[in-house]
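Numbering-wise, the sequence shown is residues 701 to 786 according to our numbering.
Cβ atoms here follow ideal geometry from the backbone N, Cα and C, with glycine treated the same way.
These figures come from a predicted structure and were not determined experimentally.
Remarks on the structure that follows.
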Amino acid sequence: MPRQKTEAAAYLELYKLVNERTRLQLELKNLDDRRDRIQARLEVLDRQVAEQELDAHQLRDTAPAAAPIVASASKADSFNTLFLEY
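Given below as structure tokens:
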């Protein structure tokens, strides 16, 4: 059998609803604050990326084309060989 509806039960349910509403409002405010911080950081990153791209283009245009540096391959004679027997 279901419980009888009482005034105390109604106030308890009202308390739980108000409590959940308050918690959700706080959570929504925190999410909005976090979204604002993320948006501000994205704007900073966009500016930095644009500045770095500009610097890279300027350096590419001003620097003479140099041959890429190739590391010389080491000779096979420079390796020591070790044989292990079991």
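### Message
Going by DSSP, what residue range makes up the alpha helix (DSSP H) through residue 781?
### Response
The continuous stretches of alpha helix (DSSP H) do not include residue 781, and DSSP gives it neither H nor E.
### Query
When the Cα atoms are used, what is the spatial distance from residue 712 to residue 719?
Approximately 10 Å between the Cα atoms of the pair.
### Length of the line joining the Cα atoms of residue 710 and residue 722
Taking the straight line from one Cα to the other gives about 18 Å.
#### Entry: For residue 716, the first and last residue of its enclosing alpha helix (DSSP H)
Residues 707-762.
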